[in-house]
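This report refers to the structure that appears directly beneath it.
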Amino acid sequence: MTTEILTVKCPQCKKDVEWTSKNIYRPFCSKRCQLIDLGEWADEEKTIPGEEAFLSLSDEEHW
Numbered sequence: 011m012t013t014e015i016l017t018v019k020c021p022q023c024k025k026d027v028e029w030t031s032k033n034i035y036r037p038f039c040s041k042r043c044q045l046i047d048l049g050e051w052a053d054e055e056k057t058i059p060g061e062e063a064f065l066s067l068s069d070e071e072h073w
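Residue numbers for the sequence shown follow this note's numbering, beginning at 11 and rising by one.
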């Protein structure tokens, strides 16, 4: 019995990536692509569509 390995595209560079436990950066191909993606989220270049949520805290909760 052979096990077929799933291959996906890296969301950042589009390189083929094997989806296995050996790839610690999955779905990314490398640490570099993982960090580029994280930076894009931090810079708000990427967002989840929808209305912006605002959290209101009482004075007691501000510490």
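We treat Cβ as the ideally placed atom computed from N, Cα and C, and that holds for glycine.
Per DSSP, K19 is one residue of the beta strand (DSSP E) stretching across T17 to K19. The beta carbon of W29 is closer than 8 Å to those of I15, L16, T17, V18, R36 and P37 in its chain, skipping five residues each way along the sequence. Annotation: the continuous alpha helix (DSSP H) that includes E50 extends over K41 to A52. Taking a contact as a CB-CB distance under 8 Å, the pair P21 and D47 counts as one, their CB atoms being some 6 Å apart. Residue state for E62 is assigned as coil, using DSSP reduced to three classes.
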